[in-house]
Amino acid sequence: MCFQEVARARSFTGAAARLHTSQSSLSAAVRDLEEAVGARLIQRTTKRFELTEIGEEFLLSISNVLEDLQRAIESASSVNRLQRGVLTVGATPLLAGSLLADLAGEFNKRHPAIRIRIQDRATESLTNLLRSREIELALGTFDESDKDFIITPLFNDPLVALAHVSLDAPSTCPWTSLLSLPLISITRTSSVGKLIEKTVWELARADYQPIIEVANWTSVVSLTQAFKGVCIVPSYAATRLTAMTPDLKRLRLVEPEIDRTISVAHSALFELSPAARSFLALLRATAGEGGGQTPYGV
Numbered sequence: 017m018c019f020q021e022v023a024r025a026r027s028f029t030g031a032a033a034r035l036h037t038s039q040s041s042l043s044a045a046v047r048d049l050e051e052a053v054g055a056r057l058i059q060r061t062t063k064r065f066e067l068t069e070i071g072e073e074f075l076l077s078i079s080n081v082l083e084d085l086q087r088a089i090e091s092a093s094s095v096n097r098l099q100r101g102v103l104t105v106g107a108t109p110l111l112a113g114s115l116l117a118d119l120a121g122e123f124n125k126r127h128p129a130i131r132i133r134i135q136d137r138a139t140e141s142l143t144n145l146l147r148s149r150e151i152e153l154a155l156g157t158f159d160e161s162d163k164d165f166i167i168t169p170l171f172n173d174p175l176v177a178l179a180h181v182s183l184d185a186p187s188t189c190p191w192t193s194l195l196s197l198p199l200i201s202i203t204r205t206s207s208v209g210k211l212i213e214k215t216v217w218e219l220a221r222a223d224y225q226p227i228i229e230v231a232n233w234t235s236v237v238s239l240t241q242a243f244k245g246v247c248i249v250p251s252y253a254a255t256r257l258t259a260m261t262p263d264l265k266r267l268r269l270v271e272p273e274i275d276r277t278i279s280v281a282h283s284a285l286f287e288l289s290p291a292a293r294s295f296l297a298l299l300r301a302t303a304g305e306g307g308g309q310t311p312y313g314v
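Going by the working numbering, the sequence shown opens with residue 17, and the numbers climb by one from there.
In structure tokens form, the structure reads like this:
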């Protein structure tokens, strides 16, 4: 502010030089300020330059304000440079424990000063969290006709089967061959459960009747191991799920091959934070490396 510079320099000439303006322009600006305040701020004579009592008080007040403003500018700048800030992202539980876990770790390596908050919820809950701005990004399968969100497809992910080795199932297995095996399933209220139920009905015109249904994927795999049965899981999580159950064999499902589009969604109404924009770029780059298919290593 010009008044602060004049007060520091104790000279209109010196302050004008620092501010790269003319002395007359600076004097006019100070007069306008005094008129707005309604009191003289500077006592001028040909030999002396002093702040009035009101001028001293005004200088103290604006100095505090300008310091706060400078701190605010520096804080905003550090957020923009990813030197501080918060990334809020949501995903379905299985995605949160697989793809999102890997990407969040990579993001943390690149931007260790950014705090990461993850919400692992069902897809319907994720869209509600996006609407309420509790998260900025969500990973899952979304209705692309919803105009409240910008939805970016990341990769197509096929459903695969995990079968106990004692079943001696072929590596490439038709869906109809699974119907005679002991099936353990995720609940049919989940997006994958609904898709499995729909596929079974279309193939066999029969109700989907697994011997056990549970809501947690870890339980699905553990029970498949214990019952020496078979389960159907998203490909992106198969490697991680079978790591704890070595007696399960991954099968490619055919006739038909069923896949889902995994996407990232964010609000169409609000601009993303710098942290969210950077994470979205990482998601897109990772998806690009996979050529539109499940990223390698997940």
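Beta carbons are placed, not taken as given, at the ideal position from N, Cα and C, and that holds for glycine.
Local conformation of E66 per DSSP, three classes: Here residue 66 refers to the residue found at position 50 when the sequence shown is read from its first residue. Here E66 sits in strand by DSSP.
Inter-residue spacing [alpha-carbon to alpha-carbon] between G313 and T255: Translated into positions along the sequence shown, residue 313 becomes position 297. Translated into positions along the sequence shown, residue 255 becomes position 239. Below a pLDDT of 50, predicted positions are generally treated as unreliable, and G313, at 46, falls in that range; the measurement from the model is reported next regardless. For the pair G313 and T255, the Cα-to-Cα distance works out to about 8 angstroms.
The ligand FMN heavy atom lying under 7 angstroms from the CB of P272: Although the ligand FMN was asked about, the structure shown includes no ligands whatsoever.
Where L199 falls: helix, strand or coil (DSSP): If you number the sequence shown from 1, residue 199 lands on position 183. In the structure shown, L199 sits in a strand (DSSP, three-state: E or B).
Limits of the beta strand (DSSP E) - the one that G106 falls within: Here residue 106 corresponds to residue number 90 of the sequence shown, with the count starting at 1. Counted as a single uninterrupted DSSP element, the beta strand (DSSP E) harbouring G106 occupies residues 102–107.
Uninterrupted beta strand (DSSP E) stretches inside the region 223–270 (no shorter than 3 residues): If we require 3 residues or more, the beta strand (DSSP E) runs fully inside the region 223–270 come out as 228–230, 246–250, 264–270.
Within 8 angstroms, strictly: CB atoms of R268 and S187: Position 252 of the sequence shown, counting from 1, holds the residue named residue 268. Position 171 of the sequence shown, counting from 1, holds the residue named residue 187. Against a cut-off of 8 angstroms, the Cβ pair of S187 and R268 comes out as a contact.
Same chain, Cβ closer than 6 angstroms to E150, neighbours up to 5 away in sequence not counted: Walking along the sequence shown from the start, residue 150 turns up at place 134. Here the set comprises nothing.
For I58, the residue or residues it bridges with in DSSP: As a first step, residue 58 is located in the sequence shown; it is residue number 42 there, counting from the start. Per DSSP, L67.
Three-way DSSP call (helix, strand, coil) for T130 in this model: Numbered from its first residue, the sequence shown carries residue 130 at position 114. Per the sequence shown, the amino acid found at residue 130 is Ile instead of Thr. Note: I130 maps to coil in three-state DSSP.
Range covered by the alpha helix (DSSP H) that runs through L146: Within the sequence shown, numbered from 1, the residue matching residue 146 stands at position 130. Segment 139–147, the alpha helix (DSSP H) holding L146.
C-alpha gap between L170 and A112, whole angstroms: For the purposes of this step, residue 170 is taken as the residue at position 154 of the sequence shown. For the purposes of this step, residue 112 is taken as the residue at position 96 of the sequence shown. Cα to Cα, the separation comes out at about 15 angstroms.
L142 beta carbon less than 8 angstroms from that of A129: To locate residue 129, count along the sequence shown from 1; it is residue 113. To locate residue 142, count along the sequence shown from 1; it is residue 126. Cβ distance not < 8 angstroms, so A129 and L142 don't count as in contact.
Range covered by the alpha helix (DSSP H) that runs through V179: Along the sequence shown, read from residue 1 onward, the residue named residue 179 stands at position 163. It should be pointed out that residue 179 corresponds to Ala in this sequence rather than to Val. Element bounds for A179: not the alpha helix (DSSP H) but the beta strand (DSSP E), 165–180.
Which of helix, strand or coil DSSP assigns to L111: By 1-based counting over the sequence shown, the position of residue 111 is 95. Correct three-state label for L111: helix.
CA-to-CA distance, L103 to L57, given in whole angstroms: In the sequence shown, counting from the first residue as 1, residue 57 sits at position 41. In the sequence shown, counting from the first residue as 1, residue 103 sits at position 87. Taking the straight line joining both Cα atoms gives about 47 angstroms.
Closest by C-alpha distance to I212, when choosing among R24, P262, L145, P272: What you label residue 212 is simply residue 196 of the sequence shown in a count that begins at 1. The candidate whose alpha carbon is nearest that of I212 is P272.
L175 versus S196 - alpha carbon distance: Locating residue 175 in the sequence shown gives position 159, where the first residue counts as 1. Locating residue 196 in the sequence shown gives position 180, where the first residue counts as 1. Rounded to the nearest angstrom, the two C-alpha atoms are 18 angstroms apart.
Residues of its chain near L239, where Cβ-Cβ distance is below 7 angstroms and the 5 sequence neighbours each way are ignored: The sequence position of residue 239 within the sequence shown is 223, counting from 1. The residues are I200, I228, V230.
Through-space distance from E287 to V237, alpha-carbon basis: As a working note, residue 237 is residue 221 in the sequence shown. As a working note, residue 287 is residue 271 in the sequence shown. Their backbone Cα atoms lie some 40 angstroms apart in a straight line.
Identified DSSP bridge partners for A281: The residue given as residue 281 occupies position 265 in the sequence shown. Paired residues: A154, I167.
Neighbourhood of A242 by C-beta distance below 8 angstroms, restricted to the same chain and skipping five residues each side: To locate residue 242, count along the sequence shown from 1; it is residue 226. Correct list: empty, nothing qualifies.
Alpha-carbon to alpha-carbon, A292 and A117: Sequence index remark: in the sequence shown, residue 117 carries index 101 (1-based). Sequence index remark: in the sequence shown, residue 292 carries index 276 (1-based). A direct Cα-Cα distance of roughly 16 angstroms separates A117 from A292.
Proximity below 8 angstroms, CB of D164 to CB of S251: Working through the sequence shown from its first residue, we reach residue 164 at position 148. Working through the sequence shown from its first residue, we reach residue 251 at position 235. Cβ atoms of D164 and S251: not closer than 8 angstroms.
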